[in-house]
Every structure is written in structure tokens, then in C-alpha cells.
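The next block holds one structure in the form of C-alpha cells; read it before the comments.
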Amino acid sequence: MMRRANPSNQKPNQEEDNLAMSLKLALLGGILTTLGDAIATFAAKIAIEESLQENLTQTSKNNEQENRIKSMENQIQVLQKKLDDLPK
Numbered sequence: 062m063m064r065r066a067n068p069s070n071q072k073p074n075q076e077e078d079n080l081a082m083s084l085k086l087a088l089l090g091g092i093l094t095t096l097g098d099a100i101a102t103f104a105a106k107i108a109i110e111e112s113l114q115e116n117l118t119q120t121s122k123n124n125e126q127e128n129r130i131k132s133m134e135n136q137i138q139v140l141q142k143k144l145d146d147l148p149k
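Counting in our numbering, the final residue of the sequence shown is number 149, and the numbers go up one at a time with none missing.
Take a look at the structure:
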């Protein structure tokens, strides 16, 4: 004699399957959120490094300009001295 599946036994199994599926989806969502946070953190790190590099480059350019201006000031002083030394 074949036993028929009892519908009352199927309902708890289906509920357990639904619960297991929802827990799996929650876990997957948590993993994806964590992965997204890791990517955002990495992007922020890269942005900070780029900003620091830009600051170093700008500082170097500023130093070069300052040195050129000092050199020009010295040249102007030398020329002014030569003009002052010319007979009047």
C-alpha cells in the first residue's frame, strides 16, 4: 500500500525551505554590502594618494618658480648696480 504524503508535513518543510532561502539571501546581501564597502574604502584610499601626489607636484612647481624669481631679482640687482656705476 502506497503512502500518500501528508499535506500537514509538507507545510513545515516548505516554511523551513523559505526560511533557509531568506537567510541565504540575507547572507548574500551582507556579503555584497561588505564587498561594496571594501571597494568604496579602496577608492577613498586611491583618492587620498592622488591628492597627496598632486600636492607634492604643486609644491615642487612652487619651489621652482620661487627659485626663478630669486634668480631674476639677483639679476635685476646686478643690472641696477651696473646702471648706478655708469658715469652720470
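Backbone N, C-alpha and C define an ideal beta-carbon position, used for all residues, glycine too. Bear in mind the structure is a predicted one, so any value in this text is a computation, not a measurement.
Where residue i sits in the DSSP three-state scheme
i: L86; result: helix
i: L80; result: helix
i: P68; result: Model confidence at P68 stands at a pLDDT of 49, short of 50, so the residue's coordinates are unreliable; what they give is reported in the following sentence. DSSP places P68 in helix when its eight states are reduced to three.
i: L147; result: coil
Alpha-carbon spacing of residue i relative to residue j, whole angstroms
i: N124; j: G97; result: 41 Å
i: N128; j: S121; result: 11 Å
i: L89; j: Q119; result: 45 Å
i: L93; j: I100; result: 10 Å
i: S83; j: E76; result: 10 Å
i: N79; j: A87; result: 12 Å
i: K143; j: Q126; result: 26 Å
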